[in-house]
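This report concerns only the one structure given below.
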Amino acid sequence: MTLHELISSIPPLDEAAMAAARERQDQLTKPQGSLGRLEELSIRIAGITGQARPVIKDKVITVMAGDHGVVAEGVSAFPQEVTPQMVMNFLHGGAAINVLARHVGARVVVVDMGVAADLPAVPGLVNKKIAYGAANMAQGPAMTREQAEQALLAGADVVLSQLKQGLDILGTGDMGIGNTTPSAAIAAAMTGKDPAIIVGRGTGLDDAGVQNKIEVVRRALSVNQPDMDDALDVLAKVGGFEIAGLAGAILAAAANRVPVMVDGFISTAAAMIAVGLAAPAREYLFASHHSQEQGHGVMLDWLGLKPLLDLDLRLGEGSGAALGLSLAEAACKVLDEMATFAEAAVAGKNQ
């Protein structure tokens, strides 16, 4: 499948399924609209899936990992070797995302998109490595346009493989030391906003570190001149392989009528690339939470997404997405399992 074929295969939401879901919500044993955004959630999932009473059973969180040459500019409080170490932690089930995924009954799919190390071929690791980390975007493009396209399609392939095992909703997660820097650059490039209002502390930079990071993002944008109207250009010049993989996964999910629960700052940058490539993908996205990372609100506004939670999270990995999956499942269960006034023999609202 080519990238063009993938993008052009994203269908519109099923209006008939949404209307049927809305009608059922209005007949359930509660005042109309009293479950607020849970009702909205279930209705849009009906439109995404084409099912008036969608059932969420198979929940998948894909955690995509990649390294970044820009760490040479001192933009992270942690060294690059943490990336492969954390990937192994995911595979051994010891990270926050593993705990939260077990809690919500989701399976975690760990993908090497571009880790700057050779990882052992262990069960559970999906190898889609494009290169040993993206190049230093402060000195030139992070990757070639061909690599960006290759990474998008690799991410899409991960979702297509998971569909065969059962996939009702996708959560996005990431791992990559330094990856808040390319994510901030993507957001600045796509929105046209000053990096100073987008760049945050990442893994815990001090004030001087944040100022350096702002200057690095400005330099990357100046050196590369990414075209805000060409999302593939933005991705290639200031992105990362795990960001590309997640964007491809989002496109493949949308093409197959699978809702996507977006995690925090890095996953939202990937969502921006996906929507920049294919505007119809926006309807398939849910923002799981509002990250503590400074520019996340700007990114969500650009996407037109309202976060479900605000817990001051700034971990990544898909941690917020896992909690969002639980809410999506709850919303669909209410729509499907709750009795209507007629079924429960309860008197409805007086006319």
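Take the position in the sequence shown, starting the count at 1, then add 12; the result is the number in this note's numbering.
Glycine residues also receive a C-beta, built at the ideal position from the N, C-alpha and C atoms.
Predicted, not measured: the structure shown is a model, and the values here were computed from it.
Per-residue DSSP class, three states only, for residue i
i	result
residue 231	helix
residue 211	coil
residue 61	helix
residue 320	coil
residue 326	coil
residue 391	A question about residue 391 goes unanswered here, because the residues of the chain that appear run from 13 up to 363.
residue 120	strand
residue 284	helix
residue 261	helix
residue 127	coil
residue 224	helix
residue 107	coil
residue 48	helix
residue 167	helix
residue 101	helix
residue 277	helix
residue 178	coil
residue 94	helix
residue 249	helix
With 16 other Cβ atoms within 10 Å as the buried cut-off, status of residue i
i	result
residue 14	exposed
residue 161	buried
residue 322	exposed
residue 158	exposed
residue 107	buried
residue 341	buried
residue 43	exposed
residue 228	buried
residue 207	buried
residue 134	exposed
Candidates the options: closest to residue i by CA position
i	options	result
residue 199	188, 233, 168 and 166	233
residue 293	260, 254 and 300	260
residue 338	193, 182, 41 and 121	182
residue 148	52, 231, 311 and 18	231
residue 77	39, 190 and 67	190
residue 359	154, 235 and 41	41
residue 121	140, 16 and 130	140
residue 112	211, 210, 72 and 298	72
residue 361	74, 125 and 39	39
residue 26	74, 184, 300 and 60	60
residue 94	207, 129 and 240	129
residue 174	104, 237, 18 and 265	265
residue 28	124, 172 and 63	63
residue 125	79, 296 and 354	79
Cβ-Cβ distance between residue i and residue j below 8 Å
i	j	result
residue 69	residue 180	yes
residue 187	residue 98	yes
residue 320	residue 336	yes
residue 347	residue 33	yes
residue 310	residue 225	no
residue 289	residue 244	yes
residue 24	residue 269	no
residue 9	residue 286	What is shown of the chain runs 13 to 363, which leaves residue 9 out entirely.
residue 255	residue 194	yes
residue 280	residue 325	no
residue 178	residue 75	no
residue 96	residue 137	no
residue 203	residue 278	no
residue 216	residue 89	yes
residue 263	residue 57	no
residue 315	residue 283	yes
Contact with chain D by residue i, beta-carbon distance below 8 Å
i	result
residue 200	Note that chain D does not occur in the displayed structure, where there is just one protein chain.
**Q.** Stretch pair the region 74-94 + the region 36-53: three plus CB contacts closer than 8 Å
**A.** No, they do not touch.
Next on the checklist: When you compare the region 342-356 with the region 322-333, are there three or more beta-carbon pairs, one atom per stretch, that lie closer than 8 Å?
Outcome noted: Counting C-beta pairs with one atom in each stretch, the region 342-356 and the region 322-333 have fewer than three that are closer than 8 Å, which means they do not touch.
Check: If you pair each beta-carbon of the region 156-174 with each one of the region 58-67, do three or more pairs fall below 8 Å?
Finding: Taking a contact to require three or more Cβ pairs closer than 8 Å, the region 156-174 and the region 58-67 do not qualify as touching.
Check: Is it true that the region 248-258 meets the region 139-153, where meeting means three or more beta-carbon pairs spaced less than 8 Å apart?
Finding: Under the three-pair Cβ rule at 8 Å, the region 248-258 counts as touching the region 139-153.
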